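Going down the list, the protein sequences come from chains A and B. For this note's numbering, add 2 to where a residue sits in the first sequence, where the first one is 1. Just so you know, this note's numbering puts 11 at position 20 of the second sequence, and the rest follows in order with no gaps. We put the CB at the ideal spot given by N, CA and C, even for glycine. Please read these numbers as outputs of a predicted model, since none were measured by experiment. To start, the structure itself, in structure tokens.
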Amino acid sequence: DAKTTQPPSMDCAEGRAANLPCNHSTISGNEYVYWYRQIHSQGPQYIIHGLKNNETNEMASLIITEDRKSSTLILPHATLRDTAVYYCIVRVAQGGSEKLVFGKGTKLTVNP
Amino acid sequence: SAVISQKPSRDICQRGTSLTIQCQVDSQVTMMFWYRQQPGQSLTLIATANQGSEATYESGFVIDKFPISRPNLTFSTLTVSNMSPEDSSIYLCSVEDPFGVPQQYFGPGTRLTVT
């Protein structure tokens, strides 16, 4: 079973920041928080991941609470192309054998 | 990064038949993963395929129904056997980043419809 809970859907206005929450209250000390998204009819795409500290890349920012029981993915200036299902996943960041367990995700709709 | 292609991209098959889906990666990778995404649902892992060994299946999936081959480090196949309409799904393969960045890359998926 997925170790995360996310709201099933969210809306955001184009050009505004989209803040997607995720709860992972049972996360272990060696587990990372990962975010993927799936645009309609495509395979999932990696966005960002983090352990304790906040992370930022060209796509998004990841804010992890100090107790690591929740996190927020921030898309700073959402565009229509960001409409997708966003999945929050926890996993041990070891290459090779660690499978991804997908929950139901959050369907983000960016409106013009 | 890794570029993954899948064949076919989609197919419509009759019940009782089998379909083999191919997954090709542009670099050598140790692990390949096969997922199923039923209509309107999230992704579910079917099995993990290691080159040179038997695939490891997740609970609810069996080798007789979903045989997997992994003949080399860049290629894998998943067969959906004796299909029924309940097998109508998108089937996706993925690989762990071959250069050590701990993320998975996904193929575009194969959309299967069983009539």
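I need the DSSP call for residue i, collapsed to helix, strand or coil.
i, result
"A/R83", "helix"
"B/E87", "strand"
"A/P9", "coil"
"B/D2", "strand"
"B/E77", "helix"
"A/Q96", "Low per-residue confidence applies at A/Q96: pLDDT is 48, beneath 50, and the placement is therefore not dependable enough to give any value."
"A/T115", "Residue coverage of chain A in this structure runs from 3 to 114, which leaves residue 115 of chain A outside it and unanswerable."
"A/E57", "strand"
"A/I91", "strand"
If you count every other CB in all the chains shown that lies within 10 Å of the CB of residue i, and 16 or more means buried, which is it?
i, result
"A/C14", "buried"
"B/Q140", "Lying before the first or after the last residue shown, residue 140 of chain B is absent from chain B, which here runs from -8 to 106."
"B/S85", "buried"
"A/L82", "exposed"
"B/V71", "buried"
"A/I66", "buried"
"B/S80", "buried"
"B/Q32", "exposed"
"A/E60", "exposed"
"B/G100", "buried"
How would you write the range of the beta strand (DSSP E) that residue i sits in, first residue to last?
i, result
"A/S72", "72 to 77"
"B/P62", "59 to 63"
"B/F97", "95 to 97"
"A/H51", "47 to 52"
"B/S67", "66 to 71"
"A/L110", "108 to 113"
"B/S24", "Note that residue 24 of chain B corresponds to Phe in the displayed sequence, not to Ser. That run of the beta strand (DSSP E) goes 22 to 28."
"B/C15", "The residue you asked about is not Cys; residue 15 of chain B is Gln in the sequence shown. 10 to 16 is the extent of the beta strand (DSSP E) around B/Q15."
"A/R39", "33 to 40"
"B/I37", "34 to 41"
"B/V(-6)", "Element bounds for B/V(-6): n/a, residue is neither H nor E."
"A/S63", "63 to 66"
Please compile the residues from chain A whose C-beta is within a distance smaller than 7 Å of the C-beta of residue i.
i, result
"B/S33", "F104, G105, K106, G107"
"B/L83", "G45"
"B/P99", "Q44, G45"
Listing by chain order, which chain B residues have their CB less than 7 Å from the CB of residue i?
i, result
"A/K101", "F24, L36, T39"
Since I believe residue j is in contact with residue i (beta carbons under 8 Å), could you give me their beta-carbon distance rounded to a whole number of angstroms?
i, j, result
"B/Q42", "B/T21", "7 Å"
"A/V103", "A/E33", "Not really, about 11 Å apart at Cβ, beyond 8 Å."
"B/Y82", "B/I12", "5 Å"
In chain B, which residues lie with their C-beta within 8 Å of the C-beta of residue i?
i, result
"A/Y48", "Q94, Q95, Y96"
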